[in-house]
Amino acid sequence: MEEMCERGNMRAALQQVRANQGSPGIDDMRVDELPAFLQTHWLAMKEQLLQGAYQPQAIKRVEIPKPGSREQRKLGIPCVIDRLIQQAMLQVLQWRWDPTFSAFSSGFRPGRSAHQAVAQAQAYLEQGYSYVVDIDLEKFFDRVCHDRLRSRLASRITDKRILKLIRAFLRAGIFEDGLMTIPPEGTPQGSPLSPFLSNVV
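Under the working numbering, think of the first position of the sequence shown as 273, with each following residue one higher.
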């Protein structure tokens with residue numbers, strides 16, 4: 273947690289959140305308002321994080337069209353402050369975990385892309401293989417098992433405050449159509465941490 277809250281890491285996280293832009297969460301704070309907010313509130317937020325007492329806000333659920341389909345994809349939009357904290361956590365965890373992921377996995381990983389996966393598939397075809405199989409796990413983000421995920425994380429993360437904070441993010445309420453629900457499973461698409469957590473699973 274100390275590494276996550278370290279000044280350089282938080283500055284890098286702020287830079288990334290500002291570069292990503294994105295819509296406001298349930299508090300309606302925009303990304304460009306974040307620096308001024310942090311000047312006033314960061315020390316108190318940092319203390320909450322270090323004490324293991326930080327509570328994320330609820331997530332705003334929106335639907336966007338799914339490319340190449342008539343279906344809608346559900347996105348969860350955390351408030352800007354929670355995106356900042358998730359980004360800071362991601363920066364600390366990702367470099368430790370990424371080398372342990374499969375060399376054949378390209379999704380949501382730094383320095384990897386779908387283009388590389390296609391190039392690898394083309395190389396296999398040139399080697400004489402006849403088939404490429406494309407598999408999509410339907411609604412995968414929505415169905416991530418919290419217990420399984422937390423067990424995997426706990427096997428390598430010793431700081432209980434980090435585990436508690438991840439659990440709080442997973443259990444943050446989802447605000448949709450005027451109603452608040454607590455998700456029993458899933459990690460909402462739209463937050464900086466979700467792709468990493470899905471890769472851990």
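Glycine residues also receive a C-beta, built at the ideal position from the N, C-alpha and C atoms.
- When secondary structure is reduced to three states using DSSP, E278 falls in the coil class, being assigned neither helix nor strand.
- In summary, C351 is buried, with 16 or more beta-carbon neighbours lying within 10 Å of its beta-carbon over all protein chains present.
- For the pair of segments examined, the stretch 353-362 was found to touch the stretch 424-444: the number of CB pairs separated by less than 8 Å reaches three.
- M452 is bridged by DSSP to F447.
- DSSP lists V334 as the beta-bridge partner residues of L347.
- Between I331 and S466, the alpha-carbon positions lie close to 13 Å from each other.
- Around the beta-carbon of T312, fewer than 16 other beta-carbon atoms lie within 10 Å, marking it exposed.
- Here the alpha carbons of G458 and F441 stand approximately 11 Å from one another.
- Between the alpha carbons of D406 and D370 lies a distance of about 23 Å.
- Annotation for E398: the continuous alpha helix (DSSP H) segment containing it runs 386-398.
- For the pair of segments examined, the stretch 412-420 was found not to touch the stretch 334-342: the number of CB pairs separated by less than 8 Å stays below three.
- Per DSSP, reduced to three states, the secondary structure at F468 is helical.
- About 5 Å separates the Cβ atoms of L421 and V473, confirming a contact at the 8 Å cut-off.
- Non-local C-beta neighbours of Q344 in its own chain, meaning closer than 6 Å and more than five positions away in sequence, comprise E335, ordered along the chain.
- In the structure shown, the three-state DSSP call for F373 is coil.
- Scanning its chain for C-beta atoms nearer than 8 Å, with the 5 sequence neighbours on each side dropped, one finds around R368 the residues R428, in chain order.
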